[in-house]
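J.:
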Ligand code: PMP
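In this note's numbering, the protein residues as written are 3 to 413.
(1) Can you give, in chain order, each stretch of the alpha helix (DSSP H) that sits fully within the region 128 to 187 and has at least 4 residues?
(2) Check residue 209 in the structure and name its three-state DSSP category.
(3) Below 8 Å on the Cβ atoms is my contact criterion, and I expect residue 178 with residue 211 to pass it. Report the Cβ-Cβ distance as a whole number of Å.
(4) The alpha helix (DSSP H) spanning residue 396 covers which residue range?
(5) Residue 285: which of 375, 24, 21 and 98 sits nearest, CA to CA?
(6) Would residue 256 and residue 220 be called neighbours here (beta carbons separated by less than 7 Å)?
(7) Distance, Cα to Cα, residue 384 vs residue 18?
(8) Got a sec? Which residues, its chain only, sit under 7 Å from residue 1 by beta carbon, not counting five neighbours each side?
(9) Just to confirm the assignment, what range does the alpha helix (DSSP H) spanning residue 270 have?
(10) Whose CA, out of 326, 231 and 304, lies closest to the CA of residue 90?
(11) To the nearest angstrom, report how far apart residue 368 and residue 390 are at their CA atoms.
(12) Examine the ligand PMP and report whether any of its heavy atoms sits within less than 6 Å of the Cβ of residue 221.
(13) Out of 133, 123, 163 and 162, which one is the CA nearest neighbour of residue 146?
(14) Rank 130, 370 and 397 by C-alpha distance to the C-alpha of residue 2 and give the top, closest one.
(15) How many Å lie between residue 283 and residue 260 at the Cα?
(16) For residue 113 and residue 141, I'd like the C-alpha separation in whole angstroms.
(17) CB of residue 16 to nearest heavy atom of the ligand PMP: below 6 Å?
(18) Can you find a heavy atom of the ligand PMP that lies under 6 Å from the Cβ of residue 107?
(19) Let me confirm a value: residue 407 is counted as buried when at least 16 other C-beta atoms fall within 10 Å, else exposed. Which label applies?
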């Protein structure tokens, strides 16, 4: 008898299953608004020009090879990456309070955080926004951590439930872990404004909570790296004398490294009094992170890391990368406007301004699960049942078609 005869069959992953259904759909016109991956105006994946140049430089290098990286990854990546996130003038960098290691993209960085918490503070509750990226729950719960949620999205007003959010921060057990989306909140596309961030972070400081910033869309959201790092930098400033801050950084979207799995895990220590040997603390943290990586990956993947490091450390390519992010973000913003304008001109019932007010890859459209189902069945327009649409899947050739399809299912 097989050990596995009674194994439970799990449902397919909701998001990746969309791709599967779409690929077997034989209708001539189909639209993929499911997975969060950038597409150009022809609906094709886009290799950033800065990345193409970086790849050429890497392959021309006489020392080009496929050797293993060290356990902590490529130093030129982690050092370049932390500057992008924290800014050149970051006090935490000047004061040398940051530990950075390479991770298996953003998911790997989150998993590393979960692994770290399991070892050192496994009883803490991990607070996730309601709603959040579906994988957040899975990543923390798989490691045996308990998750809770904080209110975020007010469905009626399609805006931030700030009161509920602040109340959850105040009533959570002191010292809980709060996972915050650094920018371009997934799935809602709704970020707190600067004033709201200050209130949220102040409440967090008062309750001694630990912040984990999930930074998966820096520069991709607005086209401006500094603007998209506002929350992270304010958080570091406000928590500098009290608590460590963890940042999980992905280059999947902003460098288009999706499948190459390039990312970093950063832990920023607070300022400590002279009796603490910060160098020793940093070395200890690093050794623990190394142990996690060694047992799970041995060492992180090299190719994407080399590409990102080349882009970050070559001034010409960095400049090109900044332009590439503007190309991506402005095309998405344009699509938001075209979709909203088409819905308005079709006189589709409801207010569609939230589509242009939201930021990043996604729009939380407000379409019901039933409408989403009809979009797929009757119009071959695919999105997740929550009504989240990846705006990157729209282009000048299909946006009108999608607006008409939405109009049809809403009416
Ligand atoms: N966090 C959020 C909020 C995301 O949306 C994503 C990507 N969908 C990630 C993390 C991680 O992505 P990756 O592992 O591809 O870097």
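All C-beta atoms, glycine included, are put in the ideal place defined by N, C-alpha and C.
None of the values given here were measured: they were computed from a predicted structure.
T.: A quick look at the data gives this:
(1) 136 to 144 and 164 to 173
(2) Your numbering for residue 209 matches position 207 in the chain shown. It is coil, neither helix nor strand.
(3) Stepping through the chain shown from its first residue, residue 178 is reached at position 176. Stepping through the chain shown from its first residue, residue 211 is reached at position 209. 5 Å between Cβ atoms; contact.
(4) As a first step, residue 396 must be located in the chain shown, where it is residue number 394. Counting along the chain, residue 396 falls outside any alpha helix (DSSP H), and DSSP gives it neither H nor E.
(5) As a first step, residue 285 must be located in the chain shown, where it is residue number 283. Considering only alpha carbons, the answer is 98.
(6) Numbered from 1 along the chain shown, position 254 holds the residue referred to as residue 256. Numbered from 1 along the chain shown, position 218 holds the residue referred to as residue 220. A contact, by the Cβ cut-off of 7 Å.
(7) As a working note, residue 384 is residue 382 in the chain shown. As a working note, residue 18 is residue 16 in the chain shown. Approximately 12 Å, taken between the alpha carbons.
(8) With the chain covering only 3 through 413, there is no way to say anything about residue 1.
(9) One-based indexing of the chain shown puts residue 270 at position 268. Where residue 270 is concerned, there is no enclosing alpha helix (DSSP H), although the beta strand (DSSP E) around it starts and stops at 264 to 270.
(10) As a working mapping, residue 90 is identified with position 88 in the chain shown. The candidate whose alpha carbon is nearest that of residue 90 is 231.
(11) Within the chain shown, the letter at position 366 stands for residue 368. Within the chain shown, the letter at position 388 stands for residue 390. Each residue's Cα considered, the two are about 8 Å apart.
(12) Taking the chain shown and counting its residues from 1, one reaches residue 221 at position 219. Because no heavy atom of the ligand PMP lies under 6 Å away, the Cβ of residue 221 does not count as near it: no.
(13) Along the chain shown, one-based indexing puts residue 146 at 144. Comparing Cα-Cα distances from residue 146 to each of 133, 123, 163 and 162, the minimum goes to 123.
(14) No answer is possible for residue 2: it lies beyond the span of the chain, which begins at 3 and ends at 413.
(15) One-based indexing of the chain shown puts residue 283 at position 281. One-based indexing of the chain shown puts residue 260 at position 258. Their backbone Cα atoms lie some 33 Å apart in a straight line.
(16) As a position in the chain shown, residue 113 is number 111, starting the count at 1. As a position in the chain shown, residue 141 is number 139, starting the count at 1. Those two C-alpha atoms are separated by around 6 Å.
(17) As a first step, residue 16 is located in the chain shown; it is residue number 14 there, counting from the start. Answer for residue 16: no, Cβ out of range of the ligand PMP.
(18) Here residue 107 corresponds to residue number 105 of the chain shown, with the count starting at 1. At a threshold of 6 Å, residue 107 counts as near the ligand PMP, since its beta carbon sits closer than that to one of the ligand's heavy atoms.
(19) Within the chain shown, numbered from 1, the residue matching residue 407 stands at position 405. With 16 or more Cβ atoms within 10 Å of its Cβ, residue 407 is classed as buried.
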